[in-house]
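> Going by our numbering, the first residue of the sequence shown is number 1, and it counts up by one from there.
Yeah, the Cβ is synthetic: ideal placement off N, Cα and C, and Gly gets one too.
Attaching a single structure in structure tokens format; questions to follow.
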Amino acid sequence: MKVYKSDYIKYSRFIVRRLHTATCYGKGSMYEGNVIAGLPNAAIAKEVLEALVKQRICGKKKKEHGWKYYLNMERYDKIKEIIKEKGSSSIIPILLML
1 MKVYKSDYIK YSRFIVRRLH TATCYGKGSM YEGNVIAGLP NAAIAKEVLE ALVKQRICGK
61 KKKEHGWKYY LNMERYDKIK EIIKEKGSSS IIPILLML
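Here it is in structure tokens:
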């Protein structure tokens, strides 16, 4: 499935904000279904979540009932930038090129 840059920005901002609000750093984590709940397209949300894991903004760990996701404290500066940004100006496309 093709994920457009505009969708990627919206979905990744939503996911990072949700994990940050729930204080999912390291020991605190959230199941995949709860992370992507509320987004219109679950397939796009899963692809964006995997891209965030590849960028090391999020981490994932295998648990008894499925995968749990958390934010990586080593990338806290990037996480804060994603949370604070508004509108069309975004750092996320720059991170994709790294």
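Which two residues bound the contiguous alpha helix (DSSP H) that contains Gly38?
Unbroken run through Gly38: none, as it is neither H nor E.
> To the nearest angstrom, report how far apart Phe14 and Gly33 are at their CA atoms.
If you take the alpha carbons of Phe14 and Gly33, they lie about 14 angstroms apart.
> Quick one: using the 10 Å Cβ neighbour count with 16 as the cut-off for buried, is Gly59 buried or exposed?
Burial call: buried.
> What residues are listed by DSSP as bridge partners for Gly59?
The partner list for Gly59 (beta bridge, DSSP) reads Tyr70.
> For Asn72, tell me which candidate among Ser6, Tyr11, Leu19 and Asp7 has the shortest Cα-Cα distance.
With distances taken between Cα atoms, Asn72 lies closest to Leu19.
> Give the C-beta separation of Ile57 and Val3 to the nearest angstrom, bearing in mind that I take them to be a contact with Cβ-Cβ under 8 angstroms.
In fact, because the Cβ distance is near 16 angstroms, the residues do not count as touching under 8 angstroms.
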